[in-house]
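Residue numbers (our numbering): 53 to 368.
Just so you know, even glycine gets a beta-carbon here, dropped at the ideal spot from N, CA and C.
In what follows, a structure is listed as structure tokens, so that the remarks can point back to it.
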Amino acid sequence: MKTDLFTFGEVLSVFISSDTDSVMSATKFERVTAGAEVNVAVTLSRLGLKSAYFSRFGNDQLGSVMLADIAAEGVDVSLAKRVNSFTGAMVRNPGKTAPVEISYLRKGSAASTIEPSDILDSYISSSRWLHTTGITCAISQSGAATVKHALKMAASLGIKSSFDLNLRRKLWSEEDARKTLQPLAENIEFLIGGEDEYQVVFGSSDAKKVLVEANNRECKIAVMTKGDQPMRYAIGGQYGEIIPPKVVSVDPVGSGDAFTGGAIAGLLSGMSAVDALTQGSICGALVASMFGDWSGIPTGSAGVIHKDISQKMRSN
């Protein structure tokens with residue numbers, strides 16, 4: 053099957069306290085499906101492109117319901133494997149009146165056993181774009197090896213790729229993250245990271261310096277995000293900023309993935325890099341304005357947000 057995007061990683065069943073804003077006092081929880089890579093795949097699907105997602109899922113009910121959730125969004129999950137391990141999960145509060153606190157239930161999960169041999173040449177050669185993240189590197193050594201393998205394969209096949217630094221400090225130390233992620237942040241079309249993530253990986257908080265350095269490492273488009281603050285980027289050594297639409301932030305979790313997905317969709321549609329990043333900022337703002345990783349993802353066709361949605365957000 054020919055697809056626009058192929059991505060892989062770990063998807064989680066997220067249990068969010070629904071009766072209080074604290075896991076400590078909650079007695080009721082709502083379950084949703086989410087994960088950095090699958091959020092990007094869903095964004096492209098919502099925008100009218102074809103995306104395929106691979107992971108290893110446990111032979112359990114959580115694995116089954118998450119596969120159904122992803123398929124319901126139009127994402128191809130036919131490549132997924134079921135293995136004799138448990139499917140990962142996350143427990144958190146909604147973050148409405150208190151900071152979001154996360155507890156992971158994922159060490160040794162089915163997805164953490166992913167390995168390079170899982171990603172066949174045909175998965176990448178049949179797609180227009182490969183997307184990977186640092187989270188897959190953090191969940192296991194075999195996960196890191198799989199990301200390295202996939203990026204190398206995409207480069208050899210002439211397939212464009214993106215890499216989101218996505219540092220998760222609950223999963224590994226900053227030093228381990230830097231050693232693993234820095235060598236991967238080169239020779240890709242699109243590098244994404246938050247200000248603090250760039251500082252860990254590149255050793256500097258000087259946005260212009262590290263973004264241009266990323267360009268020099270053959271990352272053609274390098275972007276540094278900082279929530280609702282101006283988004284900084286460098287394209288071919290040229291530095292610039294984009295001011296994201298102003299929204300009332302309800303739940304910022306997942307907004308970065310929506311930005312990435314919206315930008316990739318724009319690039320695949322033929323937009324200029326700056327226009328694609330602007331579209332991504334609209335997707336990110338919409339997700340932040342609603343509760344849940346997928347709730348606010350806009351719809352579109354051929355990789356472009358529907359005009360009425362775009363015009364409304366551009367006026368903010």
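* **Any 3 or more C-beta pairs closer than 8 angstroms across the region 117 to 127 and the region 144 to 162** => no
* Simplified DSSP state of residue 104, which is helix, strand or coil -> strand
* **Beta-ladder partner(s) of residue 181, from DSSP** => 212
* Quick one: give me the first and last residue of the beta strand (DSSP E) that residue 273 is part of. => 273 to 277
* Have a look at residue 251 and residue 257 and give me their C-alpha separation to the nearest angstrom. => 5 angstroms
* Asked: What does a CB cutoff of less than 7 angstroms around residue 304 pick up in its chain, not counting 5 residues either side in sequence?
  -> 279 and 340
* Given residue 254 as reference, the closest of 210, 62, 297 and 235 once Cα atoms are compared -> 235
* Among 345, 245 and 166, nearest to residue 284 - alpha-carbon criterion -> 245
* Asked: Does the Cβ-Cβ distance between residue 92 and residue 59 come in under 8 angstroms?
  -> yes
* **Status (buried if at least 16 other CB within 10 Å, exposed otherwise) for residue 241** => buried
* To do: Report yes if the C-beta distance between residue 396 and residue 194 is below 8 angstroms; otherwise report no.
  => The requested residue 396 is not part of the displayed model; the chain covers only 53 to 368.
* **beta strand (DSSP E) segment containing residue 57, residue limits** => 57 to 60
* Asked: To the nearest whole angstrom, what separates the beta carbons of residue 286 and residue 267, a pair I think is in contact under 8 angstroms?
  -> 5 angstroms
* Asked: In the region 102 to 142, which residue ranges form an unbroken beta strand (DSSP E) of at least 3 residues, counting only runs that do not cross its ends?
  -> 103 to 106, 108 to 110 and 133 to 135
* **Those residues which DSSP pairs with residue 85 across a bridge** => 65
* Check whether the Cβ atoms of residue 154 and residue 181 sit closer than 8 angstroms, and answer yes or no. => no
* Report back the beta-carbon spacing between residue 196 and residue 220 to the nearest angstrom; my notes put them in contact at under 8 angstroms. => The pair is not a contact, with the Cβ atoms about 13 angstroms apart (cut-off 8 angstroms).
* Asked: Are there 16 or more other CB atoms within 10 angstroms of the CB of residue 62, so buried, or fewer, so exposed?
  -> buried
* Asked: Based on Cα-Cα distance, which residue from 342, 300, 296 and 312 lies nearest to residue 362?
  -> 296
* **Length at least 3, wholly inside the region 317 to 343: the beta strand (DSSP E) runs in chain order** => none
* To do: Spell out a yes or no on whether the region 225 to 234 and the region 97 to 105 are touching, meaning 3 or more CB-CB pairs, one atom from each, closer than 8 angstroms.
  => no
* Using the rule of at least 16 other Cβ atoms within 10 Å of the residue's Cβ for burial, across every protein chain shown, is residue 218 buried or exposed? -> buried
* Mind reading off the beta-carbon distance from residue 141 to residue 73? Whole number of angstroms is fine, and I expect it under 8 angstroms. => No, residue 141 and residue 73 are not in contact; Cβ-Cβ is about 20 angstroms, not under 8 angstroms.
* To do: Over the uninterrupted alpha helix (DSSP H) stretch that includes residue 155, give me the two end residues.
  => No alpha helix (DSSP H) contains residue 155, which is instead part of the beta strand (DSSP E) from 154 to 157.
* Counting along the chain, where does the alpha helix (DSSP H) carrying residue 392 start and finish? -> No information on residue 392 is available, as it lies outside the stretch 53 to 368 that the chain covers here.
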